[in-house]
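Colleague: So that you can map any letter, position 438 of the sequence shown is 532 in the numbering used here, and since no number is skipped, the others follow by simple counting. Glycine residues also receive a C-beta, built at the ideal position from the N, C-alpha and C atoms. One structure, pasted below without further comment.
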Amino acid sequence: MPARRVILRQTGAERVAGAAQAAGMARAARFFWRGMWLVLGLLALLQLGAMARAPSMWVPELVTLRLAAGDSVSLEPLAPAAIQRSASGRWLLAADPARAPAPVLLRPGRAAESLSSMPLAADHLALPGGNRVARLPAPEGSVAFSFAGSAWLYDGALLLRNGAPQAACPDARWSARLAAWWNQHMPAPLAVARALSLGGSLHCGNRIGIADALPDAAAITRASDGSLRITDLEHAPRALDGVQAIAFGAMRLQLGAGAQGDTLVMHPQRRTPQFSAPGVELPAQVAWRWQVRALWPGRPGGALQAAFLLVLAVAAAAGAGAAYMRTRQPQAPRARAFAWAAHAVCAAALLAGGLLAIALQRLGQPVAAAPSLLLAALALASWLAAPGARTSANGCAMLLLAVGLLLQLELGLGGGDLRYFQKTTALLATGLGTLALWRLAPAPWRAAAGTPRGVELALLALAALALAALAAQVLWGDETGVFDLQPVELAKLALSAMTAHCLALRFAWHNGPQYSTVLARWLALAAPVLLFLALLALALVQVDDYSPLILLLLWAAGIVLAYTCASGQRFAAALMVAAAGAAACAVGALQNGGAAALPSSFYADRFQVWLAPGEHPHTGQQVLRAAGAIAQGGLAGADSSFGLRSAGLPAGAASGIPAVQDDFAPAFFLNRHGLLAGLALWLLQAAFLAALLWQALRAHQQACAARAYQQAWAARFRCFALCGGAAFVAGHLLLSWSTNLAILPVMGQPMSFLSAGGSHLLFFLLPLLGLSAASNEE
Numbered sequence: 095m096p097a098r099r100v101i102l103r104q105t106g107a108e109r110v111a112g113a114a115q116a117a118g119m120a121r122a123a124r125f126f127w128r129g130m131w132l133v134l135g136l137l138a139l140l141q142l143g144a145m146a147r148a149p150s151m152w153v154p155e156l157v158t159l160r161l162a163a164g165d166s167v168s169l170e171p172l173a174p175a176a177i178q179r180s181a182s183g184r185w186l187l188a189a190d191p192a193r194a195p196a197p198v199l200l201r202p203g204r205a206a207e208s209l210s211s212m213p214l215a216a217d218h219l220a221l222p223g224g225n226r227v228a229r230l231p232a233p234e235g236s237v238a239f240s241f242a243g244s245a246w247l248y249d250g251a252l253l254l255r256n257g258a259p260q261a262a263c264p265d266a267r268w269s270a271r272l273a274a275w276w277n278q279h280m281p282a283p284l285a286v287a288r289a290l291s292l293g294g295s296l297h298c299g300n301r302i303g304i305a306d307a308l309p310d311a312a313a314i315t316r317a318s319d320g321s322l323r324i325t326d327l328e329h330a331p332r333a334l335d336g337v338q339a340i341a342f343g344a345m346r347l348q349l350g351a352g353a354q355g356d357t358l359v360m361h362p363q364r365r366t367p368q369f370s371a372p373g374v375e376l377p378a379q380v381a382w383r384w385q386v387r388a389l390w391p392g393r394p395g396g397a398l399q400a401a402f403l404l405v406l407a408v409a410a411a412a413g414a415g416a417a418y419m420r421t422r423q424p425q426a427p428r429a430r431a432f433a434w435a436a437h438a439v440c441a442a443a444l445l446a447g448g449l450l451a452i453a454l455q456r457l458g459q460p461v462a463a464a465p466s467l468l469l470a471a472l473a474l475a476s477w478l479a480a481p482g483a484r485t486s487a488n489g490c491a492m493l494l495l496a497v498g499l500l501l502q503l504e505l506g507l508g509g510g511d512l513r514y515f516q517k518t519t520a521l522l523a524t525g526l527g528t529l530a531l532w533r534l535a536p537a538p539w540r541a542a543a544g545t546p547r548g549v550e551l552a553l554l555a556l557a558a559l560a561l562a563a564l565a566a567q568v569l570w571g572d573e574t575g576v577f578d579l580q581p582v583e584l585a586k587l588a589l590s591a592m593t594a595h596c597l598a599l600r601f602a603w604h605n606g607p608q609y610s611t612v613l614a615r616w617l618a619l620a621a622p623v624l625l626f627l628a629l630l631a632l633a634l635v636q637v638d639d640y641s642p643l644i645l646l647l648l649w650a651a652g653i654v655l656a657y658t659c660a661s662g663q664r665f666a667a668a669l670m671v672a673a674a675g676a677a678a679c680a681v682g683a684l685q686n687g688g689a690a691a692l693p694s695s696f697y698a699d700r701f702q703v704w705l706a707p708g709e710h711p712h713t714g715q716q717v718l719r720a721a722g723a724i725a726q727g728g729l730a731g732a733d734s735s736f737g738l739r740s741a742g743l744p745a746g747a748a749s750g751i752p753a754v755q756d757d758f759a760p761a762f763f764l765n766r767h768g769l770l771a772g773l774a775l776w777l778l779q780a781a782f783l784a785a786l787l788w789q790a791l792r793a794h795q796q797a798c799a800a801r802a803y804q805q806a807w808a809a810r811f812r813c814f815a816l817c818g819g820a821a822f823v824a825g826h827l828l829l830s831w832s833t834n835l836a837i838l839p840v841m842g843q844p845m846s847f848l849s850a851g852g853s854h855l856l857f858f859l860l861p862l863l864g865l866s867a868a869s870n871e872e
């Protein structure tokens with residue numbers, strides 16, 4: 095007997111109840127978005143008010159030195175160095191390398207030369223303790239010598255004593271031991287650069303003990319051009335012949351007319367010191383030409399500045415035209431086509447404006463604060479007007495971004511350095527402009543790239559790019575990144591997306607795409623594990639703390655919890671929750687246990703500083719200053735008005751917290767705006783995470799109801815990608831709040847949306863917002 099189809103029909107009462115529920119949700123959505131736009135407008139007005147109230151600050155635009163032969167003059171208070179002229183008339187730079195930052199000489203076509211080190215002499219080595227040894231024949235790029243009864247050979251990565259590597263030092267960390275093992279077994283081109291330490295009383299690892307010298311009194315390192323350099327123990331002045339610029343940390347002195355004659359002209363660029371008045375007591379041989387700090391747009395200083403202002407005007411006009419057509423004639427076909435074209439022009443102009451702003455900042459000619467704020471405001475508005483972008487997660491994210499921009503502006507106005515605010519606005523316009531163009535692309539184009547095979551190829555390319563960037567960081571960078579970028583953020587994005595894809599395939603093991611062999615299918619599923627191991631290795635080798643490991647552990651716990659919930663494994667999910675509770679209890683037990691029982695190692699030092707910062711006043715200054723700033727802020731901020739009365743004014747001691755723009759941005763926020771504003775920020779962050787998880791839950795429900803494989807895969811991919819992104823963001827927020835409130839030791843992780851983390855914003859947060867918009871459209 096054939097089965098009969100059962101058709102369920104809604105009653106009239108059910109239809110009325112459904113319509114009433116839909117109308118209520120529509121009213122709630124309108125209320126949310128109106129409130130969001132109101133808060134965004136208030137935050138923008140607060141930033142404009144801060145710029146209007148900010149006192150005038152002055153910077154030296156041109157520095158002129160006039161020296162006779164044999165004279166010298168200090169560059170203070172501009173830079174910790176002195177300029178000299180030899181008896182023959184040559185210009186020289188003298189500085190104490192012990193003072194940070196050590197000057198770096200920049201010559202065209204040559205590697206940068208730091209005054210803290212010098213090239214190896216051709217015939218001898220000047221070692222600490224007054225030891226002078228002769229060099230022996232060695233392969234190119236290496237140095238060989240005899241000392242303390244042994245023959246030594248060092249190639250920039252591995253130290254050999256009598257032809258064999260030394261045993262690891264007793265206090266060596268895992269990363270040092272792993273790097274040493276790698277260098278011993280890998281070819282020289284793949285070796286990880288490691289310095290040769292000189293000093294102390296023990297020969298071990300990449301260290302040569304010298305009885306008459308303190309540990310790490312000097313070092314031999316491999317420069318970016320492959321040459322070896324040794325710590326400058328004599329502090330000899332360096333000639334400025336052929337030097338184009340002198341870098342002091344982020345600040346740069348560009349040599350204008352060149353070092354010739356009795357006059358030397360220098361142009362300060364980038365992070366130039368600022369003064370409250372155009373008058374500083376200077377030596378008679380030094381003259382400064384002053385320039386007021388640029389907050390508002392003035393006459394363009396060059397072609398790029400004029401191009402930026404033109405692009406900004408085009409973006410503003412196109413955005414206004416698109417908004418007008420959408421509000422006045424939302425249903426007319428011609429009006430909708432015009433609005434689409436105007437929106438596309440606005441997004442393209444924002445992308446171009448962001449790239450121009452980045453280029454201008456790199457050239458030392460940053461855009462003024464007011465145009466930067468307008469660029470960011472247009473980027474936020476353009477993104478929210480893009481198709482599918484109006485999700486609750488995107489709304490919360492826009493508010494968090496606006497709060498972060500306010501904080502970076504306050505730091506710039508109060509501490510004298512606006513480059514973090516300008517960099518954040520430029521990256522925001524670049525990223526959101528790109529996302530808006532993608533959302534405005536025709537739907538068939540996006541659908542063609544959204545198939546499992548297409549996504550798989552894109553993820554493989556993204557993973558290859560991330561691994562190449564990680565390798566570049568290991569070879570040529572340090573824990574701060576490489577080429578001013580943090581490849582780990584791109585790797586986190588690739589890891590989250592690949593894991594989501596593989597888990598989505600796992601749910602359709604027998605119905606998914608067919609692979610040539612079972613091994614190929616398992617390799618496809620194991621790809622995230624390989625990327626995870628690469629990130630793990632980078633954290634062990636390249637980073638001086640274990641915060642990336644903790645962040646990866648939090649992400650792994652979050653993605654495992656999402657998988658157990660999606661697959662109905664309630665017992666495993668309960669175990670994950672219990673493990674999280676046990677970890678919280680362990681942190682509390684460690685706080686109550688004290689610092690005396692901790693072993694003497696690098697990271698134990700951080701725990702000791704965390705548990706008893708008063709006993710470590712030097713290394714614990716971040717913790718102590720942050721605690722003092724938070725206590726000074728109280729409930730309503732240091733000015734008792736949630737930061738309204740102090741808007742645009744100097745920030746006081748809170749701006750002097752080390753890494754205040756990154757790791758300790760929350761401490762400055764609590765000092766400026768108070769604990770109640772901090773509670774509101776915490777609730778907004780929790781709402782953002784809840785919105786992401788709500789979207790993930792909806793995607794899971796769509797996957798369960800889908801009848802076709804591709805629809806089910808796409809929904810599961812969105813579900814796990816949103817869960818992975820939320821886990822990483824939750825990890826950043828947890829570590830950052832815990833660091834600033836001294837719940838955990840200093841971890842070195844920026845707070846998402848609030849800190850000046852450029853790579854974190856561009857390579858991870860903004861793609862996550864794009865995924866949220868794509869999930870809303872589905």
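1. Closest Cβ-Cβ distance between residue 858 and chain C: below 7 Å?
2. For residue 213, write down the residues that DSSP places opposite it in a beta bridge.
3. Smallest Cα separation from residue 285: which of 270, 410, 189?
4. Would you call the region 723–742 in contact with the region 759–770, where contact means no fewer than 3 C-beta pairs closer than 8 Å?
5. May I ask which residues mark the beginning and end of the beta strand (DSSP E) holding residue 179?
6. Below 6 Å CB to CB, which residues in the same chain sit around residue 166 once its five sequence neighbours on both sides are set aside?
7. If you follow the alpha helix (DSSP H) that residue 405 is part of, which residue opens it and which one closes it?
8. Do you know offhand how far residue 277's Cα is from residue 507's?
9. May I ask you to report which of helix, strand or coil DSSP gives residue 225?
10. Helix or strand or just coil, what does DSSP make of residue 875?
11. Any contact of the region 835–842 with the region 800–817, i.e. 3+ C-beta pairs under 8 Å?
12. In the DSSP assignment, find the unbroken alpha helix (DSSP H) run with residue 804 in it and report its ends.
13. Going by beta carbon distance, what residues of the same chain come within less than 7 Å of residue 533, once the five residues before and after it are set aside?
14. Using CA atoms only, rank isn't needed, just tell me which of 651, 854, 248 is closest to residue 578.
15. Taking the DSSP output, what are the residues bridged to residue 248?
16. Ignore the nearest five residues each way along the sequence and tell me which others in residue 865's own chain have a CB closer than 6 Å to its CB.
17. Return the bridge partner residues of residue 727 from the DSSP annotation.
18. Counting only the same chain and skipping the five closest in sequence on each side, list residues whose C-beta sits under 8 Å from that of residue 751.
19. Could you say if the region 514–529 and the region 444–458 meet the contact criterion of at least three C-beta pairs nearer than 8 Å?
20. Residues bridged to residue 304 by DSSP?
21. On the CB-based measure, 16 or more other CB atoms within 10 Å of its CB, does residue 886 come out buried or exposed?
22. If we count Cβ pairs, one from each stretch, closer than 8 Å, do we get three or more for the region 130–147 versus the region 309–325?
23. Applying the 10 Å Cβ sphere with the 16-neighbour rule, what's the burial state of residue 102?
24. Residue 498 and residue 125: beta carbons closer than 7 Å?
25. When we look at the beta-carbon of residue 357 and count the other beta-carbons within 10 Å, is it buried (16 or more) or exposed?
26. So residue 475 and residue 461 are in contact, right, with Cβ under 8 Å, and what is the actual spacing, rounded?
27. Under the rule that 16 or more other beta-carbon atoms within 10 Å means buried, what is residue 402, buried or exposed?
28. Check whether the Cβ atoms of residue 845 and residue 489 lie closer than 7 Å to each other.
29. What are the uninterrupted segments assigned as beta strand (DSSP E) that are 3 or more residues long and contained completely in the region 349–387, given in chain order?
30. Going by DSSP in three states, residue 485 sits in which element: helix, strand or coil?
31. Would the beta-carbon of residue 308 fall within 7 Å of that of residue 409?
32. First and last residue of the alpha helix (DSSP H) that includes residue 653?
33. So for residue 497, helix, strand or coil by DSSP?
34. Applying the criterion that 16 or more other CB atoms from any shown protein chain within 10 Å of the CB defines a buried residue, is residue 275 buried or exposed?
35. Name the one or two DSSP bridge partners that residue 341 has.
36. Excluding the 5 residues flanking residue 860 on each side, which residues of the same chain have their C-beta closer than 7 Å to its C-beta?
Modeller: Based on what the coordinates show:
1. Chain labels in this structure do not include chain C; a single protein chain is all it has.
2. 323
3. 270
4. yes
5. 176–179
6. 176, 178
7. 397–422
8. 47 Å
9. strand
10. In the structure as shown, the chain starts at 95 and stops at 872, and residue 875 therefore has no counterpart that could be examined.
11. no
12. 803–834
13. 480, 481, 482, 483, 867
14. 854
15. 237, 253
16. 815
17. The partner list for residue 727 (beta bridge, DSSP) is empty, contrary to what the question assumes.
18. 716, 719, 720, 723, 758, 761, 762
19. yes
20. 294
21. Any answer about residue 886 is impossible in this case: the structure gives the chain only from 95 up to 872.
22. no
23. Interpretation of residue 102 is limited by its pLDDT of 46, a score under 50 that renders its predicted location unreliable; the figure taken from the coordinates is listed afterwards. When all chains shown are included, residue 102 counts as exposed.
24. no
25. exposed
26. Their Cβ separation, rounded to whole angstroms, is 19 Å, which puts residue 475 and residue 461 out of contact at 8 Å.
27. buried
28. no
29. 357–364, 380–386
30. coil
31. no
32. 641–660
33. helix
34. exposed
35. 198, 346
36. 525, 526, 529
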